[in-house]
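Just below is one structure, and these are the notes that go with it.
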Amino acid sequence: MQAQVFQPIAARPAPIKTDGLLAWIRLNLLGDWKTALATLLLGGLLLWLIPQLVSWALLRAVWVPIADACRVDGAGACWGVVAEKYRLIIFGRYPFEEQWRPLVATLLMVGLIIASCMRAFWKPWLGLLWLAVLATFFTIMWGGVWGLSRVDTDRWGGLPLTILLASLSVAMAFPIALLVALGRRSGLPAIRSICTIYVELIRGVPLISVLFMASFMFPLFMPQGFSIDVLIRVLAGITLFAAAYMAEVIRGGLQAIPKGQVEAAATLGLSYWQTQRKIVLPQALAMVVPGIMNNFISTFKDTSLVTIVSLYELTGAMGLALNSDADWRPFKIEGYLFIAMIYFAFCFSMSRYSHWVEKQVNQSKLR
Amino acid sequence: MTESIITFDKVNKWYGNNFHVLRDIDLSVAKGERIVVCGPSGSGKSTLIRCINRLEEHQQGRLVVDGVELTDDVKAIDDVRKKVGMVFQQFNLFPHLTVLENLTLSPMWVGKIPKKAAEERAMEQLNRVRIAEQAGKYPLQLSGGQQQRVAIARALCLTPKIMLFDEPTSALDPEMIKEVLDVMIEMASQGITMICVTHEMGFAKAVADRVIFMDQGQIVEQNNPHDFFNQPQSERSRDFLSKILGH
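Those sequence lines, one after another, are chains A and B. The first sequence begins at 4 in the numbering used here and counts up by one. The second sequence begins at 385 in the numbering used here and counts up by one.
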């Protein structure tokens, strides 16, 4: 056997540094000439745009609620419009002196929604909490008791209305959607066809036409002297509309559950409803969290369409606030940016929450 | 012959209108009997055992399980399913529940047993299949062999009189087949009625009282394992055996 001889390995250059800021820039922004070119062009564009934006939105902006100050040459964003009109934008046509009432109601509602998102509150009594808060919401808003003056629903508006419409329609649409999704896969032909017809009819028309029907056509078919508040009718319209779309998202999840799961449940003696509740729905819903959240978010924003039937939620109230005032009408952009920020805050929170839920429900898939 | 627990009497089944998957099945299974069903794929062997707990329905003939005739009557089906446990090729564990929850689900919701008692019973069964230490894990965190043993334990939690196995080892890596077969052999020694669709001829030789060979929806041949493997009577079973034992 030959003896092993020591052979030094030739020295090699040190590896290129792969962490730290410089290395990151080299790798991601200047990787090759195409990347470098794109970096250069986009960087240039940003360098050109950002200073202008900062100058308009902050440096040259007018913060005081004086319309004339905004009309001076060279003035930037006129945030004064928000300072002047924010109560009208946020609370709509609700009587000015009574606007503490929608404020309290809205805070209650937002508190309820945040609580409902937290695991600690996922108890059977959460349903009762919802009923209690909703009852308080309507009592405070409507008034007529406790020395509160009566305010009819046609004067409700702004953010409280947006939140009410969105949360109630989502909360009611979800169980309807579950039943419809299950119904479309039912073994009973009658139930299956009813659910299919419902989904296809609703999906076949735009939300605006549903709202029109709820608001203007529905009363025509009602007997004389019988009327349902327009708010309730519109709420029902949005709910039925959202439920149809949500049902299809959920059905997608149901279809992804392997047949073996249902068979295993059957051999264990579970009934249809036990199987759905314990085996099928938990897995199906976990799969479609992103899709459902998509639905929630779009329903939240769809509420802005109720302006068309003279309910002035956030977007409508914004138009109302500025259209009627010639002094401030030119500064709509700032107003819309303001409500855009409100919408964004809500939608972005929903999106983050959906991420959290996804992580929670996917724990069983971690290895 | 001793008391019969499952009786097929001229049972026929079709898929759709023209695929005749079970043809005039006559079969009587004695209490405590261990039967292995084999045959080429598409021969109807899975369908045969899936009729026993009504995962598939037959269209003609009578099928009686432990004194209950299987018809459209939902109550009869529930009755039978309480007595019949089943293990699937693809395990079919519930991936969103832990191993322990998989086992306690049915005792708690169907059997209305309190949680604590159900968990005790579940741990007993997990010990029996030698996997108790994995009780808190989720099914997908286990190997295939472990999952199948959990599936067996889950079926046993309902203390069934009859156990059906639908190719329990076909989805497993070779080195995991033995751990599942060991559990099944141990079970077989305890007097439970077993019907097992499998190609594990070693298992058939070790525990089966009877081997049933099926082809094209018919029971072609049935015999004790020794004679079936050594002197198959029909051309088709000889052909089949030469294919699966030939290498």
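Backbone N, C-alpha and C define an ideal beta-carbon position, used for all residues, glycine too.
Please identify the residue among the options whose C-alpha is closest to the C-alpha of residue i.
i                 : options                                   : result
Val452 of chain B : B:Glu440, B:His442 and B:Arg465           : B:Arg465
Val421 of chain B : B:Val483, B:Lys429 and B:Leu629           : B:Lys429
Val107 of chain A : A:Leu129, A:Trp145, A:Val84 and A:Leu40   : A:Trp145
Ala259 of chain A : A:Met112, A:Leu288 and A:Ala6             : A:Leu288
Phe403 of chain B : B:Gln443, B:Ile419 and B:Arg434           : B:Gln443
Arg594 of chain B : B:Asp566, B:Asp393, B:Lys415 and B:Arg407 : B:Lys415
Gln530 of chain B : B:Asn401, B:Ile628, B:Lys545 and B:Thr553 : B:Thr553
Asp611 of chain B : B:Ala588, B:Met560 and B:Asn486           : B:Ala588
Arg254 of chain A : A:Gly263, A:Pro209, A:Asp305 and A:Gly186 : A:Gly186
Ser172 of chain A : A:Leu45, A:Trp133, A:Ala245 and A:Leu134  : A:Ala245
Tyr356 of chain A : A:Asp328, A:Ala324, A:Phe299 and A:Ile345 : A:Phe299
Pro544 of chain B : A:Leu238, A:Ser119, A:Trp59 and A:Thr270  : A:Thr270
Val405 of chain B : B:Thr391, B:Ser425 and B:Ser621           : B:Ser425
Phe334 of chain A : A:Val84, A:Val252 and A:Ala78             : A:Val84
Glu485 of chain B : B:Gly469, B:Gln518 and B:Val471           : B:Gln518
Met585 of chain B : B:Phe624, B:Gln617, B:Arg620 and B:Glu559 : B:Phe624
Determine the burial state of residue i: buried for a count of at least 16 other Cβ atoms within 10 Å of its Cβ, exposed for fewer.
i                 : result
Ile116 of chain A : buried
His358 of chain A : exposed
Lys397 of chain B : buried
Glu316 of chain A : buried
Val148 of chain A : exposed
Tyr97 of chain A  : buried
Val513 of chain B : buried
Phe347 of chain A : exposed
Gly228 of chain A : exposed
Ser199 of chain A : For the sequence presented, residue 199 of chain A should be read as Thr rather than Ser. Thr199 of chain A should be labelled exposed.
Lys467 of chain B : buried
Thr165 of chain A : buried
Locate the alpha helix (DSSP H) running through residue i, then write down its first and last residues.
i                 : result
Ile628 of chain B : Glu619 to Leu629
Ile117 of chain A : Trp103 to Ser119
Glu504 of chain B : Lys499 to Arg512
Cys580 of chain B : First-last for Cys580 of chain B: Thr577 to Val581, but that is the beta strand (DSSP E), not the alpha helix (DSSP H).
Ile546 of chain B : Per DSSP, Ile546 of chain B belongs to no alpha helix (DSSP H); it is in the beta strand (DSSP E), Ile546 to Asp550.
Asn297 of chain A : Val292 to Asp305
Gln531 of chain B : Gly528 to Leu540
Leu168 of chain A : Gly161 to Arg187
In chain B, what lies closer than 9 Å to residue i by C-beta?
i                 : result
Leu284 of chain A : Per Cβ cutoff of 9 Å: no residues; Leu284 of chain A is ~10 Å from chain B at best.
Lys281 of chain A : Phe478, Leu481, Leu489 and Trp493
Ala289 of chain A : His480
Closer than 7 Å by beta-carbon distance: list the chain B residues that pair up with residue i, in chain order.
i                 : result
Lys368 of chain A : Leu524
Gly263 of chain A : Phe472, Gln474 and Asn476
Using a C-beta to C-beta distance shorter than 8 Å, which residues of chain A count as neighbours of residue i?
i                 : result
Met560 of chain B : The premise fails here: Met560 of chain B is roughly 17 Å from chain A at the closest Cβ pair, so nothing lies under 8 Å.
Leu439 of chain B : Glu266, Ala269 and Thr270
Asp457 of chain B : By Cβ distance, chain A contributes nothing, its closest Cβ being about 15 Å from Asp457 of chain B, past 8 Å.
Which two residues bound the contiguous beta strand (DSSP E) that contains residue i?
i                 : result
His404 of chain B : Phe403 to Ala414
Leu314 of chain A : Note, Leu314 of chain A: premise wrong, no beta strand (DSSP E); not H, not E.
Lys397 of chain B : Ser388 to Tyr399
Asp599 of chain B : Arg594 to Asp599
Gly469 of chain B : Val468 to Val471
Asn607 of chain B : Gln602 to Asn607
Cys422 of chain B : Arg418 to Cys422
Could you give the distance in angstroms between the alpha-carbon of residue i and the alpha-carbon of residue j?
i                 : j                 : result
Ser427 of chain B : Glu570 of chain B : 29 Å
Thr156 of chain A : Val233 of chain A : 8 Å
Leu489 of chain B : Trp128 of chain A : 24 Å
Ala555 of chain B : Gly528 of chain B : 8 Å
Phe221 of chain A : Lys362 of chain A : 43 Å
Leu223 of chain A : Ile311 of chain A : 18 Å
Ile336 of chain A : Leu56 of chain A  : 14 Å
Ala460 of chain B : Gly263 of chain A : 22 Å
Phe141 of chain A : Leu111 of chain A : 11 Å
Met175 of chain A : Gly130 of chain A : 12 Å
Thr455 of chain B : Thr391 of chain B : 14 Å
Asp119 of chain A : Val483 of chain B : Checking the displayed sequence, the identity of residue 119 of chain A turns out to be Ser instead of Asp. Taking the straight line joining both Cα atoms gives about 29 Å.
Gln525 of chain B : Lys368 of chain A : 8 Å
Phe9 of chain A   : Pro18 of chain A  : 25 Å
Ala247 of chain A : Gln366 of chain A : 29 Å
Glu101 of chain A : Met216 of chain A : 32 Å
Trp82 of chain A  : Met290 of chain A : 43 Å
For a contact meaning CB atoms closer than 7 Å, what does residue i contact in chain A?
i                 : result
Ser490 of chain B : Leu271, Gly272 and Leu273
Trp398 of chain B : Neighbours of Trp398 of chain B on chain A: none; closest Cβ ~19 Å, over 7 Å.
Lys466 of chain B : Gly272
Val421 of chain B : Residues of chain A passing the Cβ test: none, with the nearest at roughly 17 Å.
Val413 of chain B : Under the 7 Å cutoff, chain A gives no residues; its nearest Cβ is about 18 Å from Val413 of chain B.
Asp462 of chain B : Gly272
Just the chain B side, please: which residues come within less than 8 Å of residue i by C-beta, in chain order?
i                 : result
Gln277 of chain A : Trp493 and Val494
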